[in-house]
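**Student:** Protein chains in written order, with the working numbering: chain D, 5 to 194; chain F, 5 to 194.
Ideal Cβ placement from N, Cα and C applies to all residues, glycine included.
From a predicted model like this one, the values you see are computed outputs, not experimental measurements.
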DNA sequence: AAAATAGTTAACCGATCGGTCAATCTCTTA
DNA sequence: TAAGAGATTGACCGATCGGTTAACTATTTT
């Protein structure tokens, strides 16, 4: 029961921070939006930073689970899975509540590399790189690590451009690039 | 004299906002760091938002001037210029004061599309796209607009990954992708 | 030299920041 | 049903937020 309450608090806090930003969201607003009093919040989390870290942990879990599942549902072969990344992205960009990558935004507000919030954002990208790397290896890429990093660059660039003017087109731009890139990394036909 | 004073204020405010973020930087800190009293600041700018908009205008001018000049200095042929974008990026990433793209950070803190700060960030990216587009046309790309957008996606992705763990490698990842991409868009040898 | 103008300053405004606390409320256990 | 334990609450803390005010200083104009 306690676990559930805490989880519910984190889940709602995620929505508020995602919509409104980190510094711009006060703990009073979190209390109001979650329906949990400040005193109760501070019983679960020592500081605002601790709450944000919990929020980011949940976001990492949710986002990666969603992306990996969606990739599997949208494609069959390893090569198709690499391209399906960008179909999933396009779906994300089309969602009403889309507001960009929460980790890019977190690292923009907490800039020091040794800040726990910044470090956790870096870790999220590393986990994505790991997953892409595995996909590239299975697909038989000649240099899987490099290809994975290049695809990650495409993904991050697409998110930024989706926020800053391009919308859904950003995902298609990135997918077209990925196609060329993947072909260049494949020894022969797939 | 008045113009100069105001410009100096904006120049110093830029450094502070870039280093410290927007919401996290109070007007008292701006006053202290610039050496200009709050009252004087508010004589030049009606609100903090107005000051930030002036800062972003200066940043846009500085950054594009620097990038375009550096591209010209680093390369000769149109095709080389498209690749030199990423050599310039790598130089930027290597600078001690590098803290990512100020406009990505601004749009992360001011998320509403109709917020003037967000809109100005979008405009900055549009101006970059225009320039890339011209380069692509001169280079004789088959679909210059599309290639320009793809290169812009690569640039933004590289910046994000430079901040979030990859450092200088991000520029090289993006450049390698750009090379493949450009070749695919060129009708024949250059 | 006197008056007007422009620029600067510290002190202050109400609101909100992250965080705390004594009091109350709810529920278990005997 | 009374005692005790946990959870919840609104009021409150000093500090800082964006922004304003009145007094002062220095310069220009006459």
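DSSP state of residue 191 of chain F, grouped into three classes?
**Tutor:** If DSSP states are grouped into helix, strand and coil, residue 191 of chain F belongs with coil.
**Student:** In the DSSP assignment, the alpha helix (DSSP H) including residue 161 of chain D goes from what residue to what residue?
**Tutor:** Here the alpha helix (DSSP H) through residue 161 of chain D covers 148-165.
**Student:** State buried or exposed for residue 5 of chain D, treating a residue as buried only when at least 16 other CB atoms are found within 10 Å of its CB.
**Tutor:** Residue placement at residue 5 of chain D is poorly supported in this model, since its pLDDT is 40, which falls under 50; the coordinates still yield a value, given next. When all chains shown are included, residue 5 of chain D counts as exposed.
**Student:** Where do the ends of the alpha helix (DSSP H) carrying residue 97 of chain D lie?
**Tutor:** Looking at the DSSP string, the run of the alpha helix (DSSP H) that includes residue 97 of chain D is 82-98.
**Student:** According to DSSP, is residue 116 of chain D helix, strand or coil?
**Tutor:** In the structure shown, residue 116 of chain D sits in coil (DSSP, three-state: anything other than H, G, I, E or B).
**Student:** Can you give me the C-alpha to C-alpha distance between residue 76 of chain F and residue 38 of chain F, rounded to a whole angstrom?
**Tutor:** Each residue's Cα considered, the two are about 34 Å apart.
**Student:** Count the other CB atoms within 10 Å of the CB of residue 9 of chain F; is the residue buried (16 or more) or exposed (fewer)?
**Tutor:** That one is exposed.
**Student:** Counting only the same chain and skipping the five closest in sequence on each side, list residues whose C-beta sits under 8 Å from that of residue 129 of chain F.
**Tutor:** Correct list, in chain order: 107, 156 and 160.
**Student:** Give me the Cα-Cα distance between residue 31 of chain D and residue 42 of chain D, rounded to the nearest whole angstrom.
**Tutor:** Answer to the nearest angstrom: the Cα atoms are 7 Å apart.
**Student:** So, is the C-beta of residue 190 of chain F closer than 7 Å to a C-beta in chain D?
**Tutor:** No, residue 190 of chain F lies away from the interface with chain D (no Cβ there is under 7 Å from its Cβ).
**Student:** Secondary structure at residue 131 of chain F, three-state DSSP: helix, strand or coil?
**Tutor:** Helix at residue 131 of chain F.
**Student:** Between the region 129-147 of chain F and the region 126-140 of chain D, do at least 3 Cβ pairs fall closer than 8 Å?
**Tutor:** In short, these stretches do not touch, since the Cβ pair count stays below three.
**Student:** Is any beta-carbon of chain F found at less than 7 Å from that of residue 124 of chain D?
**Tutor:** Not an interface residue.
**Student:** Would you say residue 108 of chain F reaches chain D, if we count a Cβ-Cβ gap shorter than 7 Å as a contact?
**Tutor:** For residue 108 of chain F, the answer is yes, since a Cβ of chain D falls inside 7 Å of its Cβ.
**Student:** Between F/176, F/174, F/87 and F/13, which lies nearest to residue 36 of chain F when the distance is taken from Cα to Cα?
**Tutor:** Here the closest residue by C-alpha is F/13.
**Student:** Thinking just about the alpha-carbon of each residue, which of D/170, D/55, D/93 and D/114 is nearest to the one in residue 73 of chain D?
**Tutor:** Checked all of D/170, D/55, D/93 and D/114; the closest Cα to residue 73 of chain D is D/93.
**Student:** Compare the beta carbon distance of residue 27 of chain D and residue 113 of chain D with 7 Å and say whether it is the shorter of the two.
**Tutor:** For residue 27 of chain D and residue 113 of chain D, yes; Cβs fall inside 7 Å.
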